[in-house]
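Undergrad: Going by the numbering used here, the first residue of the sequence shown is number 9, and it counts up by one from there.
Note that CB positions come from ideal geometry on N, CA and C, so glycine has one too.
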Amino acid sequence: MNDFEKINTDLATLFREGRALLDAGNSAVMNGCREEAFRKFVDLGGIPNKQEDYIYLNLLPLFGKDYNVVLKYIRQEVDMNETFRCAVTDLVTTPVLTVNGWWFDGNPAAEIPEEVVICGLQEASVKYPDLFAKHYNHYAPVAHRDGLVALNTAFAQDGVFVYVPDDVVLECPLQIINLLRAKADLMGFQRNLIVLGKNARATVLVCDHTLSEHDFLINNTTEVYLGPNAHMEYYQVQNQHLGASQINSLFVSEHRNSTFESNLVTLYGGTIRNNMYVALNEEGGECHLYGMYIQDKKQIVDNFSYIDHIAPHCTSNEHFKGVLDDAALANFSGCIRVRPDAQKTEAYQANNNLLLTDTARINAKPQLIIDADDVKCSHGATVGQIDEEAMFYLRSRGISPEEARMMMMFGFAHDIIRRVKLEPLRVKIDDLIDKRLRGELSKCYNCIMQCKK
9 MNDFEKINTD LATLFREGRA LLDAGNSAVM NGCREEAFRK FVDLGGIPNK QEDYIYLNLL
69 PLFGKDYNVV LKYIRQEVDM NETFRCAVTD LVTTPVLTVN GWWFDGNPAA EIPEEVVICG
129 LQEASVKYPD LFAKHYNHYA PVAHRDGLVA LNTAFAQDGV FVYVPDDVVL ECPLQIINLL
189 RAKADLMGFQ RNLIVLGKNA RATVLVCDHT LSEHDFLINN TTEVYLGPNA HMEYYQVQNQ
249 HLGASQINSL FVSEHRNSTF ESNLVTLYGG TIRNNMYVAL NEEGGECHLY GMYIQDKKQI
309 VDNFSYIDHI APHCTSNEHF KGVLDDAALA NFSGCIRVRP DAQKTEAYQA NNNLLLTDTA
369 RINAKPQLII DADDVKCSHG ATVGQIDEEA MFYLRSRGIS PEEARMMMMF GFAHDIIRRV
429 KLEPLRVKID DLIDKRLRGE LSKCYNCIMQ CKK
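1) Does the beta-carbon distance from His327 to Ala358 come in below 7 Å?
2) When the distance is taken between beta carbons, is Tyr301 closer than 7 Å to Met195?
3) Since Arg199 contacts Ala164 with CB under 8 Å, what's their CB separation in whole angstroms?
4) Look at the alpha carbon of Tyr298 and the alpha carbon of Leu445, and state the distance between them as a whole number of angstroms.
5) Go ahead and label Met417 buried or exposed: buried means 16 or more other beta carbons lie within 10 angstroms of its beta carbon, across all protein chains shown.
6) If distances are taken between C-alpha atoms only, which option among Asn311, Thr279 and Ala380 comes closest to Ala372?
7) For my contact list, Cys385 and Ala355 are in at a C-beta cut-off of 8 Å; report their separation, rounded to the angstrom.
8) When you compare each of Asp18, Leu99 and Arg27 to Val435 by their alpha carbons, which one comes out closest?
9) What are the start and end residues of each continuous beta strand (DSSP E) run of 3 or more residues lying completely inside the region 93–151, in chain order?
10) For Pro348, count the other beta carbons within 10 Å of its own beta carbon; 16 or more makes it buried, fewer makes it exposed. Which is it?
11) Can Leu129 and Gly167 be called in contact, C-beta distance under 7 Å?
12) Evaluate the contact criterion for the region 134–143 versus the region 49–60: three or more CB pairs, one atom per stretch, below 8 Å.
13) Which stretch, first to last residue, makes up the alpha helix (DSSP H) that contains Met416?
14) List in chain order: all unbroken alpha helix (DSSP H) runs of 4+ residues lying wholly within the region 236–296.
15) So, at 6 Å on beta carbons, what are the nonlocal neighbours of Val232 in its own chain, with the 5 sequence-adjacent residues on each side left out?
16) Since Val150 contacts Ala287 with CB under 8 Å, what's their CB separation in whole angstroms?
17) Contact between the region 106–124 and the region 9–17: three or more CB pairs below 8 Å?
18) Please classify Lys329 as buried or exposed, where buried requires at least 16 other C-beta atoms within 10 Å of its C-beta.
19) Which residue from Thr101, Gly235 and Asn227 puts its Cα closest to that of Cys180?
20) Between the alpha carbons of Lys305 and Ala336, how many angstroms are there, rounded?
21) Use the C-beta contact count for His152: other C-beta atoms within 10 angstroms, 16 or more gives buried, fewer gives exposed.
22) Just reading off the beta strand (DSSP E) that Val212 is part of, what are its end residues?
23) Roughly how many angstroms separate the alpha carbons of Thr17 and Ser313, rounded to a whole number?
24) Of the residues Phe23, Tyr62, His387 and Ile255, which one's Cα is nearest the Cα of Ala45?
25) Quick one: residues in its chain with C-beta nearer than 6 Å to the C-beta of Ala158, no 5 flanking neighbours on either side, listed in chain order?
26) If we count the other Cβ atoms within 10 Å of its Cβ and call it buried at 16 or more, is Thr161 buried or exposed?
27) May I ask which residues mark the beginning and end of the alpha helix (DSSP H) holding Val331?
28) Can you list, in chain order, the stretches of the beta strand (DSSP E) that have 3 or more residues and sit fully within the region 375–409?
29) Which same chain residues end up closer than 6 Å to Gln375 when comparing Cβ atoms and leaving out the 5 residues on each side of it in sequence?
30) Answer yes or no: do Leu250 and Gly278 have a C-beta to C-beta separation smaller than 7 Å?
31) Going straight from the alpha carbon of Arg264 to that of Pro236, what length do you get?
32) Can you tell me which of the three DSSP states Ala338 falls into?
33) Please check the pair Gln393 and Leu362, which I expect to be a contact at CB under 8 Å, by giving their CB distance rounded to whole angstroms.
34) For Gln458, count the other beta carbons within 10 Å of its own beta carbon; 16 or more makes it buried, fewer makes it exposed. Which is it?
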C-alpha cells in the first residue's frame, strides 16, 4: 500500500466510523449528499495524484500529515477585538466569524435588511429547508473530476449561509473572517452557500487568518447563485502562516444579465490551491476574475479556473499576476470553454509572472476550448524578470536600486489591485502589498497573536 492508498483508506475509515457525528444536527439535504459524494471521491481515485487538473501540485505533503479531524462542534471562546483587527480605515462591514470551518455562535447581531438571511449553514439547512434544498450542492458537482470537492461534500457540516432575496441590496459589505485555532494539527471542512435573487446586489470580503502555530489543512467549498440581473463583488485576502494550507473551491452559477466580479489576493501561507468555476448559463452574463499572488521562501500557490460559456452574448475577463521570490512555486491553469450555442461570446484570459530569482518557478497552462464560430477570445501567459532598461531609467533619475525595484514590482501588482472597487479596501491592499514586497509584512497581519510560523 503506497502513501496515497493509506491516506484514502484512513479517510474511508473516518467517514464510515464518524457518519453519525457528521449527520448530527444537519438536515436530510446535507446528509443525503454524503454517501454519493464519498463514493465519487473513491471512484475518482481519492486524493488527486498526478491527475490532469492537479498535474503541477503534489498533495502528499498536505494530506500525509497526522491531523486531528473534529466531527463534533466544540464551542470556541473568541473575542474578535482581542484576536483580530481589520485595519481597513473607513470601511464599514458586517463581520461574521467561522472557527475551524464552523459558524461562530457568538457572532454579533448585525443591522441588515429584514428579508436578508445571514447565518450558519447548518442552521440554514434546518430553518429554511426548501430554499436550502433548491441550491445546496447544485453547482459544486460541475467539478466532476475533482475528488477534493466530493470529499468536502461528504464531510462538511457547517459554514456560512447568505440569502439576499429579489430586488434587495445589501448595502454594507459582508466580511467573512475564517479563523483557524487548535491545540494540535487540524484538518477541517467548511461549506458556504450564497444566494442572490433577481436584481439583488451584495459585496463579500473573505479574510483568512490563523490564531495558533499548529499545521492546518482546510478544504473549503463555496457555492454562489446569481439570479437574473444580480450583481456580486467578491474579494478574498489570503494571509496565513506557512503551516496553514488551503484548498478553496468557488462555484458560481450566473443567470441572465448577472455580473460576478472577483479579486483574489494571496499574500502569505503554506500550500494554497484555489479552484474557480463559473457557469454563464443565460444571455448577458458577465464574469471578471482577477488575482494577485506574492510568494517567497518555499510557498506554493496553485490557481485553477474553468469558465463555462453556455449561453450566447456573455463576457468573461480573467487576469492573474504573480511575483515570485526565493524558491517559491506558482501554478496557473485556466480553461475557457465556449459551447456550440454560445455565439457572440467575448472571453479574455491572461497570466503574467515576475520571477525575482533563478530558483523561483511558474507553471502556466492557459487553455481555450471553442465550439462556436462567432466569438472573440484570447489567452496567454508571460514569465519574465525585472526590466533592466526600465531599472536603468529609474536609476538615472536618482532613484536607488532598491527603491526602483520596489516601484517596478508595485506597478506590476497595482494593475490588478486597481480593479478593487471598494476604495478603502483598495488602499489597504496597496499598503499590504507594499509591505509584503518590502519584506515587512509577516503572516496573519492584523492578527494580534502573531505566531512564529
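TA: On the basis of the supplied data:
1) Yes, these two residues count as a Cβ contact at 7 Å.
2) Between Met195 and Tyr301, the C-beta spacing is not below 7 Å.
3) About 4 Å separates the two Cβ atoms, so the contact holds.
4) Answer to the nearest angstrom: the Cα atoms are 19 Å apart.
5) It is buried - the Cβ of Met417 has at least 16 other Cβ atoms within 10 Å.
6) Selected option, being the one with the closest Cα: Asn311.
7) Contact between Cys385 and Ala355 is confirmed by a C-beta separation of about 5 Å, below the 8 Å threshold.
8) Of the candidates Asp18, Leu99 and Arg27, the one whose C-alpha sits nearest the C-alpha of Val435 is Leu99.
9) If only uninterrupted beta strand (DSSP E) runs of at least 3 residues are considered, those enclosed by the region 93–151 are 102–107 and 125–128.
10) Under this definition Pro348 is an exposed residue.
11) Against a cut-off of 7 Å, the Cβ pair of Gly167 and Leu129 comes out as a contact.
12) No, because fewer than three Cβ pairs between the region 134–143 and the region 49–60 fall closer than 8 Å, the two stretches do not touch.
13) That run of the alpha helix (DSSP H) goes Pro409 to Ile425.
14) DSSP runs (the alpha helix (DSSP H)) wholly in the region 236–296: none.
15) Excluding five sequence positions before and after Val232, the CB atoms of its chain that fall closer than 6 Å to its own CB belong to Ile202 and Val260, given in chain order.
16) The beta-carbon distance between Val150 and Ala287, rounded to whole angstroms, is 7 Å. This is short enough to meet the 8 Å contact definition.
17) Counting C-beta pairs closer than 8 Å gives fewer than three between the region 106–124 and the region 9–17, which falls short of the contact rule.
18) Classification of Lys329: buried, given that the 10 Å Cβ count is 16 or more.
19) Per the Cα distances, Thr101.
20) Using only the alpha carbons, I get a separation of about 6 Å.
21) When all chains shown are included, His152 counts as exposed.
22) Counting along the chain, the beta strand (DSSP E) containing Val212 begins and ends at Arg209 to Thr218.
23) Each residue's CA atom was taken as its position, placing Thr17 and Ser313 some 29 Å apart.
24) For the residues Phe23, Tyr62, His387 and Ile255, the minimum Cα distance to Ala45 belongs to Phe23.
25) These residues qualify, in order along the chain: Ala45, Lys48 and Phe49.
26) Buried, because 16 or more other Cβ atoms sit within 10 Å of the Cβ of Thr161.
27) Premise fails: Val331 lies in the beta strand (DSSP E), Thr323 to Leu332, not in any alpha helix (DSSP H).
28) As far as the region 375–409 is concerned, its whole beta strand (DSSP E) runs of at least 3 residues are 384–392.
29) Apart from sequence neighbours up to five positions away, the residues of its chain that approach Gln375 with a beta-carbon distance below 6 Å are Cys343, ordered along the chain.
30) Yes.
31) Rounded to the nearest angstrom, the two C-alpha atoms are 5 Å apart.
32) If DSSP states are grouped into helix, strand and coil, Ala338 belongs with the strands.
33) With 8 Å as the limit, Gln393 and Leu362 qualify as a contact, their Cβ atoms being about 7 Å apart.
34) Residue placement at Gln458 cannot be trusted, given a pLDDT of 42 that sits under 50; the coordinates are not used to answer.
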